[in-house]
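Structure record follows, encoded as structure tokens.
In this note's numbering, the protein residues as written are 866 to 1157.
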């Protein structure tokens, strides 16, 4: 997979980049008065495409980041909220958004052309997770000599695996599978469990996952990896995904993102997402109202 086409979040990040084409769709129509009348977008229901078990992003109980964002947007749009759940594996976009069963993917990487992206509503990166007191809390790059000989967990096939290989860390690394059945397996949770039990010395996870699971486990330190000088980029902008034909819908979502950035950031921060500004600096809580 091409590094710039990774999503979500690991499972989502890398999974949504799987090759599948969205068929041709009719263009949404607008009324003469300027009010948006969507041919394909439900005017009364916010229909969200989501994974039923992909925390911290979404689940059927409505507990994830994107569930909370969907609730926020449904309220602003004065629409009823409904979901079409489908595992985020190969075919996710084709079977949900592309099949017109739902109208928006709440988390979508900028630059992925499998669907049309809105303006981004946050920037984040892969992160290194280590135990407090391990001596690795100050490590801020995979090129740090302190990681030599350490057992570092990595989700196989994600961008930082390349960085780790370049840094000579793969010999002692512990890989975790990317493509899993989330009904039975959770690679991120397995990595955190191994870290807390001492089976590995550190782990590399997609930022939202790193922040969420570290927060749940406690006594873990999360360091955004923004100083890599080799390998693929690890920082990504995340927006929402819509059909290519739904230009008016995209503009409406862009407007909502701009108007509600502060509330969006609060949700992200509450879940432990390591937010970054355009200079790759941690986004302070007091700056949460600014667009990424």
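Even for Gly, the Cβ is constructed at its ideal location relative to N, Cα and C.
According to DSSP, residue pairing for residue 1020 in a beta bridge involves 1041. Taking 8 angstroms as the cut-off, the Cβ atoms of residue 1046 and residue 1018 do not count as close. Two segments are said to touch when three or more pairs of C-beta atoms, one from each, lie closer than 8 angstroms; by this definition the region 1029-1040 does not touch the region 1105-1116. Straight across, the Cα-Cα distance linking residue 1130 with residue 1037 is about 37 angstroms.
Taken in chain order, the unbroken stretches of alpha helix (DSSP H) that lie wholly in the region 1065-1100 and span 4 residues or more are 1072-1082. By alpha-carbon distance to residue 941, the top candidate from 1143, 1136, 1128 is 1128.
The straight-line gap separating the alpha-carbon atoms of residue 1014 and residue 1035 is approximately 9 angstroms. Residue burial is scored here from C-beta neighbours: residue 1062 has fewer than 16 other C-beta atoms within 10 angstroms and is therefore classed as exposed. Using a 10 angstroms sphere on the CB of residue 1076, the tally of other CB atoms reaches 16 or more, which defines it as buried. Scanning the region 924-952 from its first residue to its last, the whole beta strand (DSSP E) runs of 3-plus residues come out as 945-950. When DSSP states are grouped into helix, strand and coil, residue 1127 belongs to the helix group. As a beta-bridge residue in DSSP terms, residue 981 pairs with 1107.
Annotation for residue 911: the continuous beta strand (DSSP E) segment containing it runs 910-915. When the alpha-carbon of residue 990 is set against those of 1025, 962, 1009, the nearest one is in 1025.
If you ignore the 5 residues before and after residue 1133, its C-beta comes within less than 7 angstroms of the C-beta of 930, 987, 1140, all in its own chain and listed in chain order. Judged by DSSP secondary structure, residue 1146 falls outside any beta strand (DSSP E); it is assigned neither H nor E.
When C-alpha distances from residue 982 are compared across 919, 1146, 1103, the shortest belongs to 1103. Between the region 1068-1088 and the region 906-924, the count of C-beta pairs closer than 8 angstroms reaches three or more; the two stretches touch.
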